Every structure is written in C-alpha cells, then in structure tokens.
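Engineer: As given, the protein sequences belong to chains A and B, one line each in that order. 602 is the number of the first residue of the first sequence in this note's numbering; add one for each residue after it. 8 is the number of the first residue of the second sequence in this note's numbering; add one for each residue after it. The beta carbon of each residue, even a glycine, is placed where N, CA and C say it ideally should be. Note that the structure is a prediction, hence the values are computed from the model and not measured. First the structure, which I've put down as structure tokens, then a few questions once you've had a look.
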Amino acid sequence: MNRISDKIPASVFHSTNLPVMNRLDLGEGLTLIHHEVNSLPIVNLNFIIPLPLISGEKSGTAYITSNLLNEGAGKLNAFEIDDLLESMGTTLSVHASADNFYLSILTLTENLEKSISLARDILMTPHLNESDFLRERERIRNRVVRMSDDASYLAETLFQKIVFNNSVYESPVTGFLNDLNKLAIEDVRNFYQNRIKNIAASVVSVGNIKLTELAKLIQHFLPDRRISAPSFQKTDQFKIDNTTIYFIKRKDSKQSEIILGQPTGGRKEKRLAEKIILNSVLGGPFSSRLNQNLREKHGYTYGISSGFNFNKHLSAWQLSTGVDSENTYNALKQILFEIERLEKGVSDNEFQSALDHTLKSIPLQFETQTQITNKYSNLISNGLAHDYFENFIKILHELSIEQVNEYASEFITKKGFVIVVVGERIEPVEKIAAEMSYNLKDVKIEDVISGNITF
Amino acid sequence: MIRKTIMMILLFASVTVFAEEKKIEFEQYKLDNGLNVILHQDNSTPIVAVTIMYHVGSKNEDPKRTGFAHFFEHLMFEGSKNIDRGGYDKIVQKAGGTLNANTSFDRTFYYQILPANQLELGLWLESERLLHLKIDSIGVETQRKVVKEEKKQRLDNQPYGSLLEKTFANAYKVHPYRWTPIGSAQYIDDATLDEFLEFYKTYYVPNNATLSIAGDIDIDDAKDLIEKYFSDIPSGQRKMLRPEIVEPPMEKEVKEIVYDNVQLPLIVNAYHIPAQGTDDYYALSMLTTLLSGGKSSRLYKELVDNKQVALQAGSIPFALEDPGLFITFAIPNIGIEPDSLQNEIGSEIAAVKKDLITEREFEKLQNQIEADFVTQNSTVEGIAESLANYFVYFGNADLINTEIERYLKVTREDLKRVANQYLDENRRVVLLYMPKSAENN
C-alpha cells in the first residue's frame, strides 16, 4: 500500500491576499473603484445609485422603474437595445433593491465603450412610455401571482413584512399587489427624475482595462451627477410581533416551510465577528448543529440553514427550512433547543472550525471577476468602508473563544421570534403554539401578496 | 448594412481568435487501475477544485431499484474507515472549503473546492471514498428519510415540480430515461444493505472514475500525490450495466393534463432529439438560442413582449448521453387560454421550419455562442467538470477548446432542417399543467 498515512494530511495555510482595488474620485458626484485583471478580455461593471426608499412611496416603484429603463432609451426601442446587446455578446441589466439602484454590465473589453454609451442612454434618456408601463405592470402582477404558488416566497414575504414592519424593507422588491394596482406612469417618471437621473453614484469594475482609460470613458458618458441621494427616513413605530406563529395554509403542501428569526444589528456592528462565528456553528455550513440535528439525526429535512439578511439600515438574523409536515412541531422544538443550547457557548473544536472556515474560505469568494465586482459593490451598497474586508479579516485573526462565548447569550434573544410557517395543517397547531407560549394567527395567501397584513 | 456586417465579421473574428488564445491546457493520463486523471494548472487564484466523476447515473439502474445512483450520492458523505459519520463536511469546513455532489441520468459528480494548500486533503478524502466507504444501517436509514424530504422540497412541494418526471415518463417507454434520478422512494426502502454494497463495488471503482483537478497546483506535485493516494486502489471486477436500449420513435402525440397546486397553467412540449455530441444536436442547441436565448429571441419577443400572451416562454435541449429531448415551455398570462398560447408556440416553430433565418439573426446567434464560450469555464470547478464531462462522454477532454468549431459548422440550412426533422407535433409529448381548481370543470 502506497498510502503513507490514514490520518488527515496536514498543510500550511497561506495568507489571504485580497484583490487590490483602486479608488478614484471622478468629481461631479462619481466615484470609481476598479481592479485591473487581464486574464480575460472582459469587463464587469456595476453602476450603483444609492436608493434609500422613502416611507410612503408605493412598494414596487423602484423595481418597475428598473424594468422600464431599458424598454427604450435614446434612439433605440426595447428590441433594438436587446438586439444590440446580444449582437455584442454583452449582458446589461438594471435592477433595484431597497437600498440601491444598479446597472450592471458584462462585456468584451472591445465593446465596453459602446456598452457604456448605451448605459448612458438608459440612465439619461429612457423613454418611460405609458404603454410599456402598463405592459410591465401587468407582467409583474402575473409574476407575483405565479410566485405565490411558491411556499418559500410566501414565507419570506410574510417574514419580511413582520420583521421589518413599518419600514422600507417590509415589502418585496417587486411590490405588494395593492401598491402595484395603484401605481401610475407618473409615479415612475417622478421616481426616475428625483431618485435616479442625476444622483451621485459609484462605479465598481473589474476587468482588463486601465483605471485611467475607464475613468475617461465614464466621465465622458456619465457626467454631472451632483445631486445627493435623499437621506434614509427612520420610521417612528417599529413594532414587531414576536409572540405569534403566523401560519399560511397552503393546500396539499408536502412540507412545511419554516422561517424563524429576529432583528439584528447590521454589518457595522462591533460584535459582528462573534455573530458570524456563532451563526456558523448554529446553522452556517453543512456540518452546523441545526443541520446535524434536523437532517442527520432526525431526518426531518433535506437541509436547514441560518444567516443574516443584511440591509443598509435594518437587518435580520433568520433560519429557513422545509420539513416533513408531520414533524413541523418536532422540527420547531429542535430548532428552539439548538438556539437555547447555543447560549452556553461553543466548544474549542467548533470555534476553531468555524473560524478556520470563515477565514480560509475567503479566497473562494474572490475567484471570478463577477464575484469580485459584486463583493466590492456590496460594500458600496451597504455604506461600508473600502478597507472593510481587510479590517474584518484582522478582527477574525484576533478573535478568541472567550469573546465568542461571552457574547453567546446575547446573539439571539431566546424569547421573541418572528415565526412563519407555510403548509398544511396536519398537526394540532393551536396546541403547539400554546405549548410554545405563542399565539397563532392564520394568514391568507392573497393577503400576503397584497400586503394586507395588520398587527 | 454593409458596414454593420463588416463590424459583425470583425467582432466574430476577434472573439474566435481570443477563444483560440485562451486555450485551456491540461495533462491527461491513466493509472494502472484504470483511474483517468486530468490536471489543469491555473495559478491566478489560490484555490483548487478536486473532482471525481463516476460514469454511473440513473440510466444504469435496475428498473426495480430506481433512485439508487442518487441515493448512493448521499451515502458517499456518510463516512469511511478513517472518517467518522459526518466527518467529510467537518474536515472540509475546517479546511476552508466547500463540497457537494450531484447525480444525473448519466453520471454522478463529486467536487471539493479548497484553498490551494489543501490539495492533498482533497485527494485523501476522495481516495477514502473509493477505497473503503462505510455503508451501514444507520447511514442508510438516515439517508432514506433525507432523500424523501429532498424529493418533497425540490419537486413535490414546488409548482410544476413533477415536470421532468412526467415528461420523461411519457417520452420514454423502454429506455431507462423513463425514470428520473430521484427515482422511487419505495425501491430505496425495499433495498437491502447488500444491494447497496454491490452497487458500490460495481460502479465506485477506479476504472469507472475520472479524477479531474483544476486550479493553483504544481502538475508534478499533483501527480505524486495522486500516485500516493490512488494507485493502489484495486480495479473493479464486476460487470457494469451499460444499457444499449434504443427508444423506438413515437408514433403519435401523447398528451397528459396534470392538475397541480398552481394558479397559472404551464404548457410543455417535448420532442426526441439525437444524443449530445452529434452534429444535429449542435444545430438543435443553436435553435434553442434562436428561440429563447435572451430578450430578442423569437419566443420571448413574440409571446412575452409583442403579443403579451405568455408570462414566460423558452426552450431547452436536454443534452444526454443517449438520445434526449428538446423541450419548449410557456406559462400563459392571466386570461390567456392555454390552447391559444400553444397555437402561438406552434406558429413560432412553424416559422423556423418554413423559412431560413436571416443572415443578421444567424450572425447574432453565432456571436452569442462565441460570447458564451469566452465567459464560460470562469471557475476552476467549472473547468474541472467540463474536462471530465468531455472525457467521460466523448473520450476527448480537448473538446473544451474545440467544441466551438462544431457549433460554427452549423448552417442556416441546418437549423431549418433539424426543426423539420425533429420538432414533429405528431410525435411529441404535450404536458398541460392546470390549477387543481380546474379539475372538476
């Protein structure tokens, strides 16, 4: 036998070198962050406009606006735009989140100038026709109806509505049907004029072009964005119902879809490293406690994971899983058991494993141009410092198990979860809720997608 | 117009030149025990993909034991002589890596993506599986439950989740593609421990495996490590089931209405097509791009945008080792009758059968294919899998560099010909998904 050892082979970990991002203030409200890489003749580019949604605006406005911008711009109609893009082999997409508005380009370098020129038309001279608006609104409504067949969509939509109640994050980016029905083309035109057209923006790019060349192209095609984005408006009454199990009855469901979570601090929080490690042990990778318990020990689920829903201003920690309908209660009990167990802290092995995983997996997250572009776009989107990754790695290197375990009882507040279940009512859920000291509330699917939820 | 055409030709030429320059270099050899090895060195990021493709999928299963290949994929994570139950994940996690696997009709693929310094660990883990996997009743019982929940989560509880199962069951009557990789829970429940061991000894052997490694490696060091961990693993001696069943042509349209937990109907049309790698397969693949590759594609432009009769519309050539399927699908908008949408799809198919596509459209199509080639294989895992795929299915890993030529041989006439030859509405499967509320109407 040639195998020298049956033991795990040892190795030495090399330090992580992050891509070098060059930052350039282009003036006129534009910032460029670029990493030159020449392995492929392509350029990834994200144009990011900060977009704090304003309370009172109809949900879905940013989304429908993003869909309409490339439905006709400058001298081109929608088909001509698509045709031009496909001829160049360029991907150009426009999309929105609650925090930002994005125009993303992936193109052969030789077509970058044409692509940015097209982006200019899309951002500066979109047609925003009423007929396109009516068609797009109908398409989104159809899509929302189609999505309402999906248990995980329903669970996520209701969870966000509850956990981010009365904030700009409470609605799905596509909007609630009630708002979509009231939306008019004027809403879209106003939104574009006031929130997109000349708003200061950032560009994050990775590809085989020099920083100075790219800067010239952007300054030439996208000048004059001096208007600052409006400030985020905090809502006064941010009340969360964390004493109720919300149950969406979905006939003939084969599983119960469960989301359980609560608000948490954002990515600027001091104890973020502790949180990341604790979450990793609880429900992060495949070998997490939750997965080992619910999947490998009990066979209730194909998989369960927990993580953070980070936004710029409000964030949540949440776990989600689909479990055998007949074991919904048992699964919830085991989830709560593991959360409670985490309060006592983690073992040396668990700490070291979670820390190693978090640190050593960093190179895997910076492999492709698209990954690097999105990673650094994410910093901009969340208002984080440009050296955030370097600092976070340093914090992780200095983190001790004592720090983690000291924080374990504070990471998740044991009482007070937002719980949403979507499925069939096979078990006596009233009894289950009572045993867990939660109220029980039934919610109709139509109310979830319409946004008709009151607390 | 002349200027535009010249520009297109220039673009086309430059992309082709780049594709040639960006050749993916690799070394390939075979160990004495039959293990195929492919190595690709790319030092741009300090990571490595360690993958093994076993040439066994659901089509190799006994019809009374469907789901075996996929079930076995789960068992392969249960542990080995030197790795405790659940240990695979823990070891890889601690090393900063990720791992997973998937099973298709034709093969099963395992991969680990690791920091580059963990190449030896990855090889040790894969060799443990191949040398002495632990198959016991605890693992089998647990995975029986997990696989049932996987089926519920990924298929039964999803809108239109039975689509593939129904399509393939209707399209194939004798070939093993008539069942899908998830197979039957009942058969998995019925199977004994000895049957699982027999499957392992038959298919999980070096002479049925391709070890494909891509990333930040030194080729000579990698060869030494492969020798160390794999060379003494014995070859398999059992006969592997390689079905040679030829599915006879369909003689008429087969239609099934499925009442599902959905609000919007779905129309699926499935046509038999030749196996992947054949000349006509490439033409049909390009036809798919013409019909549904992007927003200016024919189905999207006409059905979704212009006529607004569909929420979604598209087509997929199901690339398989044996003759597969060409599938079109569409979801009608609210208020649109499925029959009316089916007629619209028929009109688009009829158009590609009747007329040659324009030269402009054809150039765009070729550019799309070219651009896909430039941007694909952007990850080491993707490169490792592509190299293994090309070798396992075609015996030629270098197709990763040259397959583009097969696409570029396709002509406009080919597109018209294959549309007429294969997209025959009298020999197809039509699935109509309807809301359950419509069942009693």
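#1: Leaving aside the five residues before and after B/P70 along the sequence, list all residues of the same chain whose C-beta is less than 8 Å from its C-beta, in chain order.
#2: State buried or exposed for A/P773, treating a residue as buried only when at least 16 other CB atoms are found within 10 Å of its CB.
#3: With a Cβ-Cβ cutoff of 8 Å, do B/A337 and B/L348 count as a contact?
#4: Quickly, what does DSSP pair A/G628 with across the bridge? List them, please.
#5: Thinking C-alpha only, which one of B/L46, B/D346, B/V359, B/L82 is nearest B/V275?
#6: Looking at the unbroken beta strand (DSSP E) that takes in B/Q319, where does it start and where does it end?
#7: Does DSSP put A/I609 in a helix, a strand or coil?
#8: Quick check for students: name the residue ranges of the alpha helix (DSSP H) that lie wholly in the region 321 to 404 of chain B, counting only runs of 4 or more.
#9: Between the region 169 to 176 of chain B and the region 125 to 139 of chain B, are three or more C-beta pairs nearer than 8 Å?
#10: Where A/K921 and B/A56 are concerned, what is the direct C-alpha to C-alpha distance, given to the nearest angstrom?
#11: For the region 643 to 708 of chain A, list the alpha helix (DSSP H) runs that are entirely contained and at least 4 residues long, ordered along the chain.
#12: Just mark B/K158 as buried or exposed, buried being the case when its beta carbon has 16 or more other beta carbons within 10 Å.
#13: To the nearest angstrom, report how far apart B/M247 and B/Y210 are at their CA atoms.
#14: Which same chain residues end up closer than 6 Å to A/I859 when comparing Cβ atoms and leaving out the 5 residues on each side of it in sequence?
#15: What residues match up with A/A917 in a beta bridge as DSSP calls it?
#16: Please work out which residues of its chain come closer than 6 Å, Cβ to Cβ, to B/M14, disregarding the five sequence neighbours upstream and downstream, and give them in chain order.
#17: How about B/Y400 and B/G284: do their beta carbons lie closer than 8 Å?
#18: When you compare only the Cα positions, how much space is there between A/N1053 and A/A679?
#19: Using a C-beta to C-beta distance shorter than 8 Å, which residues of chain B count as neighbours of A/N743?
#20: So A/T758 and A/V1049 are supposed to be a Cβ contact under 8 Å. How far apart are they, rounded?
#21: Taking the alpha carbon of A/T632 as the point to measure from, which residue in A/D825, A/T692, A/I877 has its own alpha carbon closest?
#22: What's the gap between the Cα of A/G1017 and the Cα of A/Y977?
#23: Kindly list, in the order they appear in chain B, the residues whose Cβ is closer than 8 Å to that of A/H728.
#24: Distance check for B/H139 and B/S87, CA to CA, integer angstroms please.
#25: On the three-state DSSP scale, how would you describe A/D1043?
#26: So which residues of chain A does B/K371 contact, with C-beta pairs closer than 8 Å?
#27: Tell me, please, whether the region 881 to 891 of chain A touches the region 952 to 969 of chain A by the rule of three or more beta-carbon pairs shorter than 8 Å.
#28: Compute the Euclidean distance between the alpha carbons of A/E637 and A/R624, then round it to the nearest angstrom.
#29: Compute the Euclidean distance between the alpha carbons of A/L915 and A/L873, then round it to the nearest angstrom.
#30: Check each residue of the region 125 to 152 of chain B: if its Cβ is closer than 7 Å to any Cβ of chain A, include it; give the result in chain order.
#31: Residues in the same chain with beta-carbon distance under 7 Å from B/L204, minus the five sequence neighbours each way, listed in chain order, please.
#32: A/V804 by DSSP, collapsed to three states: which one?
#33: Ordered along the chain, which non-local residues of its own chain (more than five positions away) have a Cβ less than 8 Å from that of A/N880?
#34: With which residues is B/I59 paired in a DSSP beta bridge?
#35: Pull up the distance between the alpha-carbon of B/D225 and that of B/Q48, whole angstroms please.
#36: Take A/S639 as the anchor and find which of A/P620, A/L985, A/A932 has the nearest alpha-carbon.
Structural biologist: Let me lay it out:
#1: Around B/P70: P183, W186.
#2: Classified as buried, A/P773 has 16 or more neighbouring CB atoms from the shown chains inside 10 Å of its CB.
#3: Their beta carbons are under 8 Å apart, which means B/A337 touches B/L348 by this criterion.
#4: Partner(s): A/L631.
#5: Measuring from the Cα of B/V275, the nearest candidate turns out to be B/D346.
#6: 317 to 325 is the span of the beta strand (DSSP E), which, as asked, contains B/Q319.
#7: Coil at A/I609, not helix or strand.
#8: Counting only runs of 4 or more, we get 345 to 361, 366 to 382, 387 to 401.
#9: Inter-segment contact for the region 169 to 176 of chain B and the region 125 to 139 of chain B is absent: fewer than three beta-carbon pairs are separated by less than 8 Å.
#10: Correcting the residue type first, residue 921 of chain A is Ser in the shown sequence and not Lys. So the alpha carbons of these two residues sit roughly 29 Å apart.
#11: Complete alpha helix (DSSP H) runs here, min 4: 662 to 670, 679 to 689.
#12: Under this definition B/K158 is a buried residue.
#13: Cα atoms of B/M247 and B/Y210: separation of roughly 7 Å, rounded to the nearest angstrom.
#14: The answer, listed in chain order, is T922, V1022.
#15: A/P864, A/N910, per the DSSP bridge assignment.
#16: Caution applies to B/M14, whose pLDDT of 35 falls short of 50 and renders its modelled position unreliable; the value that the coordinates give is listed next. Cβ within range, chain order: n/a, list empty.
#17: Between B/Y400 and B/G284, the C-beta gap is smaller than 8 Å, which places the two residues in contact.
#18: Going from the Cα of A/N1053 to the Cα of A/A679 covers about 35 Å.
#19: Taking the beta carbon of A/N743 as reference, the chain B residues within 8 Å of it are L271, L318, N340, I341, listed in sequence order.
#20: About 6 Å separates the Cβ atoms of A/T758 and A/V1049, confirming a contact at the 8 Å cut-off.
#21: The candidate whose alpha carbon is nearest that of A/T632 is A/D825.
#22: Answer to the nearest angstrom: the Cα atoms are 34 Å apart.
#23: Chain B residues near A/H728: none, gap ~15 Å exceeds 8 Å.
#24: B/H139 has its alpha-carbon roughly 6 Å from the corresponding atom of B/S87.
#25: Note: A/D1043 maps to strand in three-state DSSP.
#26: Those are D684, E687, S688, listed as they occur along chain A.
#27: Taking 8 Å as the limit for Cβ pairs, the verdict is that the region 952 to 969 of chain A does touch the region 881 to 891 of chain A.
#28: Distance between the alpha carbons of A/E637 and A/R624: 12 Å.
#29: Distance between the alpha carbons of A/L915 and A/L873 is about 14 Å.
#30: Here the close residues are Q125, E127, L128, W131, T149, K152.
#31: The residues are I142.
#32: It is a strand residue.
#33: The residues S907, G908, F909, W918, F1012, in chain order, have a CB closer than 8 Å to that of A/N880 in the same chain once the five nearest residues on each side in sequence are set aside.
#34: B/I59 is bridged to B/Y117, B/L218.
#35: Near 7 Å, if we compare the C-alpha coordinates of B/Q48 and B/D225.
#36: It is Asn, not Ser, that sits at residue 639 of chain A in the sequence shown. Comparing C-alpha distances from A/N639 to each of A/P620, A/L985, A/A932 shows the shortest one belongs to A/P620.
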